[in-house]
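Residues in the sequence shown are numbered from -9 upward in steps of one, following this note's numbering. Using N, Cα and C, we set each Cβ at its ideal position, and we do this for glycine too. Just below is one structure, and these are the notes that go with it.
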Amino acid sequence: MNEDEKYMRLALEEAYCAERQGEIPIGAVVVCDGMVLGRGHNLTETLNDVTAHAEMQAITAAAQTTGGKYLTKCTLYVTVEPCLMCAGAIGWSQIKKIVYGASDSKRGYSTFTQSPFHPKATVLSGVLAEECAALMKRFFADKR
């Protein structure tokens, strides 16, 4: 298992946590120099807050850990392609690498724009994509 898969597994743990709470199962972790600085999963239902996405939770936790708002040396791992709101926050935080699992053809940032991230940021998609997508499909199938 490579490093990207290792940290995506941690993001998946967060997604399963969200699922157990009845939240849309998306998880995220922020990593820097081999250390997890922030973790998060969707809390929109729990907090009654449409902005409480996994990425937002992980970025906030990482900023609190570092004591700064810029995460220029960090990588964000998220199980599903970030939405436009989260992509904007990722850009503002200056995260250097974004790694996501499943694409989101309905609400993913790439549906709206090519790259809202910091100009020096890199993006890697498709890491553990099948497992990430299967979790989402199962969640919504169970809801219907």
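- For SER83, the enclosing alpha helix (DSSP H) begins and ends at 74 to 83.
- Counting only runs that start and end inside the segment 46 to 117, the beta strand (DSSP E) elements of at least 3 residues fall at 65 to 70, 87 to 92, 112 to 115.
- Cβ-Cβ distances below 6 angstroms link SER83 to ILE49, LEU61 in the same chain, with the five nearest sequence neighbours on each side left out; the list follows chain order.
- The segment 83 to 103 and the segment 28 to 38 do not touch, with fewer than three beta-carbon pairs separated by less than 8 angstroms.
- For MET(-9), no alpha helix (DSSP H) run applies, since DSSP gives it neither H nor E.
- If you look at ALA42, you'll find it isn't in any alpha helix (DSSP H); DSSP assigns it neither H nor E.
- LEU74 places its beta carbon 8 angstroms or farther from that of GLU45.
- Measuring C-alpha to C-alpha distances from ILE14 to each of LEU118, VAL20, ALA51, GLY30 identifies GLY30 as the nearest.
- The three-state secondary structure of LEU33, taken from DSSP, is coil.
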